[in-house]
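Going down the list, the protein sequences come from chains E and X.
Quick note: the first sequence uses the numbering used here, first residue 20, plus one each step.
Quick note: the second sequence uses the numbering used here, first residue 24, plus one each step.
Don't be surprised by glycine CBs; every beta carbon is placed ideally from N, CA and C.
Since the structure is predicted, the reported quantities are computational estimates derived from the model, not experimental observations.
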Amino acid sequence: GNSVTQMQGQVTLSEEEFLFINCTYSTTGYPTLFWYVQYPGEGPQLLLKVTTANNKGSSRGFEATYDKGTTSFHLQKASVQESDSAVYYCVLGPADTNAYKVIFGKGTHLHVLP
Amino acid sequence: EAAVTQSPRSKVAVTGGKVTLSCHQTNNHDYMYWYRQDTGHGLRLIHYSYVADSTEKGDIPDGYKASRPSQENFSLILELASLSQTAVYFCASSGSSGNTLYFGEGSRLIVV
Numbered sequence: 020g021n022s023v024t025q026m027q028g029q030v031t032l033s034e035e036e037f038l039f040i041n042c043t044y045s046t047t048g049y050p051t052l053f054w055y056v057q058y059p060g061e062g063p064q065l066l067l068k069v070t071t072a073n074n075k076g077s078s079r080g081f082e083a084t085y086d087k088g089t090t091s092f093h094l095q096k097a098s099v100q101e102s103d104s105a106v107y108y109c110v111l112g113p114a115d116t117n118a119y120k121v122i123f124g125k126g127t128h129l130h131v132l133p
Numbered sequence: 024e025a026a027v028t029q030s031p032r033s034k035v036a037v038t039g040g041k042v043t044l045s046c047h048q049t050n051n052h053d054y055m056y057w058y059r060q061d062t063g064h065g066l067r068l069i070h071y072s073y074v075a076d077s078t079e080k081g082d083i084p085d086g087y088k089a090s091r092p093s094q095e096n097f098s099l100i101l102e103l104a105s106l107s108q109t110a111v112y113f114c115a116s117s118g119s120s121g122n123t124l125y126f127g128e129g130s131r132l133i134v135v
């Protein structure tokens with residue numbers, strides 16, 4: 020069945036360090052892939068999305084490449100800031116246009132130390 | 024900008040009581056969703072709807088009912104609240120299948 024795996028439950032970095040959050044997925048077809056970010060006390064919000072395989076999405080300094088070959092959609096940022104502290108969710112969209120459900124990974128809690 | 028509002032934002036309910044969480048969207052979206060968030064589980068889908076007067080079961084529907092009386096409104100109903108339903112609940116809407124989800128700010132429910 021369809022699934023999303025985020026193995027890192029928590030990541031702690033200092034400011035200006037490089038961020039890498041691992042995400043792999045399992046599905047058939049060519050779904051849209053998303054990264055959502057959730058700040059404390061708020062609902063999740065879209066960070067970036069990529070609709071086409073082997074393309075890259077970017078937003079606010081974050082990047083992710085939709086790699087159909089390795090079924091990965093890792094999130095990266097060259098230099099994190101304390102304000103990036105949040106929970107990050109990798110999300111798999113439906114590949115079938117008749118399907119309605121997206122699938123969330125379990126989330127990665129990023130702590131950035133000043 | 025997309026707007027999804029939830030009420031109440033916080034509630035304490037007694038075990039066995041009835042709880043209704045409401046969601047209103049002004050995005051003109053067809054799709055609406057209720058998610059539950061627990062530490063260590065991320066977001067889990069309870070019910071969703073793609074048209075008024077129709078709802079569908081998500082991954083964890085047991086103990087919950089949903090109602091979609093209009094395109095704008097989607098309610099989550101706990102007929103007999105239990106301790107295990109203590110959680111934060113999020114409503115979301117989207118314009119089409121697989122499109123971006125717009126979330127509300129969440130409703131924190133504590134069942135005592």
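C-alpha distance - residue i paired with residue j, whole-angstrom precision
{"i": "residue 43 of chain X", "j": "residue 125 of chain E", "result": "26 angstroms"}
{"i": "residue 43 of chain E", "j": "residue 52 of chain X", "result": "29 angstroms"}
{"i": "residue 90 of chain X", "j": "residue 55 of chain X", "result": "11 angstroms"}
{"i": "residue 66 of chain E", "j": "residue 79 of chain X", "result": "27 angstroms"}
{"i": "residue 27 of chain X", "j": "residue 72 of chain E", "result": "30 angstroms"}
{"i": "residue 96 of chain E", "j": "residue 49 of chain E", "result": "25 angstroms"}
{"i": "residue 65 of chain X", "j": "residue 56 of chain E", "result": "12 angstroms"}
{"i": "residue 132 of chain X", "j": "residue 97 of chain X", "result": "17 angstroms"}
{"i": "residue 114 of chain X", "j": "residue 129 of chain X", "result": "7 angstroms"}
{"i": "residue 40 of chain E", "j": "residue 122 of chain X", "result": "23 angstroms"}
{"i": "residue 41 of chain X", "j": "residue 100 of chain X", "result": "7 angstroms"}
{"i": "residue 32 of chain E", "j": "residue 74 of chain X", "result": "44 angstroms"}
{"i": "residue 68 of chain E", "j": "residue 88 of chain E", "result": "18 angstroms"}
{"i": "residue 86 of chain E", "j": "residue 134 of chain X", "result": "43 angstroms"}
{"i": "residue 90 of chain E", "j": "residue 110 of chain X", "result": "32 angstroms"}
{"i": "residue 112 of chain X", "j": "residue 119 of chain X", "result": "22 angstroms"}
Nearest candidate by alpha-carbon position, reference residue i, set the options
{"i": "residue 47 of chain X", "options": "X:121, X:41, X:125", "result": "X:125"}
{"i": "residue 64 of chain E", "options": "E:92, E:106, E:49, E:122", "result": "E:106"}
{"i": "residue 26 of chain E", "options": "E:121, E:108, E:34", "result": "E:108"}
{"i": "residue 103 of chain X", "options": "X:116, X:69, X:85, X:50", "result": "X:85"}
{"i": "residue 151 of chain E", "options": "E:103, E:29, E:122", "result": "Limits of chain E in this structure are 20 at one end and 133 at the other, which puts residue 151 of chain E out of reach."}
{"i": "residue 60 of chain E", "options": "X:67, X:33, X:93, X:74", "result": "X:33"}
{"i": "residue 87 of chain X", "options": "X:93, X:70, X:95, X:77", "result": "X:70"}
{"i": "residue 83 of chain X", "options": "X:60, X:117, X:49, X:127", "result": "X:60"}
{"i": "residue 93 of chain E", "options": "E:36, E:58, E:70, E:76", "result": "E:76"}
Three-state secondary structure (DSSP) of residue i
{"i": "residue 102 of chain E", "result": "helix"}
{"i": "residue 124 of chain X", "result": "coil"}
{"i": "residue 23 of chain E", "result": "strand"}
{"i": "residue 130 of chain E", "result": "strand"}
{"i": "residue 84 of chain E", "result": "strand"}
{"i": "residue 68 of chain E", "result": "strand"}
{"i": "residue 79 of chain E", "result": "coil"}
{"i": "residue 26 of chain X", "result": "coil"}
{"i": "residue 120 of chain E", "result": "coil"}
{"i": "residue 35 of chain X", "result": "strand"}
{"i": "residue 42 of chain E", "result": "coil"}
{"i": "residue 90 of chain E", "result": "coil"}
{"i": "residue 51 of chain E", "result": "coil"}
{"i": "residue 30 of chain E", "result": "strand"}
{"i": "residue 108 of chain E", "result": "strand"}
{"i": "residue 135 of chain X", "result": "coil"}
{"i": "residue 96 of chain E", "result": "strand"}
Cβ distance (whole Å) where residue i is taken to contact residue j below 8 angstroms
{"i": "residue 46 of chain E", "j": "residue 74 of chain E", "result": "Contact flag wrong, Cβ pair sits at about 17 angstroms."}
{"i": "residue 105 of chain X", "j": "residue 38 of chain X", "result": "6 angstroms"}
{"i": "residue 28 of chain E", "j": "residue 127 of chain X", "result": "Actually they do not touch by this definition, with Cβ atoms about 25 angstroms apart."}
{"i": "residue 134 of chain E", "j": "residue 30 of chain E", "result": "Chain E is shown from 20 up to 133; residue 134 of chain E falls before or after that span and cannot be answered."}
Residue i at chain A interface by Cβ criterion, 8 angstroms
{"i": "residue 64 of chain E", "result": "The question asks about chain A, but that chain is absent: this structure's protein chains are E and X."}
Please go through the region 42-119 of chain X and give each complete beta strand (DSSP E) segment of 3 or more residues, from N-terminal end onward.
DSSP runs (the beta strand (DSSP E)) wholly in the region 42-119 of chain X: 42-48, 54-61, 65-74, 77-80, 88-90, 96-101, 110-117.
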